[in-house]
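Residue numbers for the sequence shown follow the numbering used here, beginning at 196 and rising by one. Input: a single structure, listed below in C-alpha cells.
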Amino acid sequence: MSFTFNQDDLNKIKELKTRYPSPDALCLPCLWMAQTKEGYISIDAIDAISEQIGLAPMQIYGVVTFYTMFHLQKPDRLQVDVCKTLSCKLCGSDEILKHLKSKDVYVNHVECLGSCGTAPMMQIKDKNYENLTNEKVDAILEELL
Ligand code: FES
C-alpha cells in the first residue's frame, strides 16, 4: 500500500506553505489532508509529508502520536471522540462515555474540542454533537450506524 498526494493536494500544500512558513506548523494541515484521504495516517503518508515539507519522518511521527485526533491505524468501527475536559466532565461526560462503551463504536477520549458552552459534547467525523444525553447519543448513532 502506498500513499501519494495528487496534484490538487500538492497545489493545496503549495498554498499552505505561504501561510505556514515553518515545516513544524505546516505539518498539522498536511496530516489532516492525509487523514481525510485515508481515514488514518499511514507510514507511507508520513513519508510523503516528509518529502513535501522537509521535516524528518520521525518528527512527523512524533506529532501524530502526540495528538489524539490522529490515528496510525484505520478505524474498523465508527470513531467517536468524547471530550473529557472540565466543562464536559462537570456536565456529565462520564455518563456519556459509560453509555457509549456499550455501543459498537470506537470511543476516543479527547481534550477540549472548543465547545465548552454546550457540554457535554462529542465529535464524529469532524461534526460536533452537543448538549448530549444518553437518548440523544442513541438517536445520533442510530442515524450514523
Ligand atoms: S470542555 Fe468539553 S468542549 Fe471544552
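Think of the CB as a built atom: it goes at the ideal place given N, C-alpha and C, for glycine as much as any other residue.
Of all C-beta pairs linking the region 262 to 281 to the region 301 to 320, three or more are shorter than 8 Å, placing the two stretches in contact. Ranking Pro216, Tyr262, Thr231 by CA distance to the CA of Gly249 puts Pro216 first.
Secondary structure at Cys307: coil, using DSSP grouped into helix, strand and coil.
For Tyr256, the enclosing alpha helix (DSSP H) begins and ends at 252 to 261. Val300 carries a coil assignment under DSSP once its states are collapsed to helix, strand and coil.
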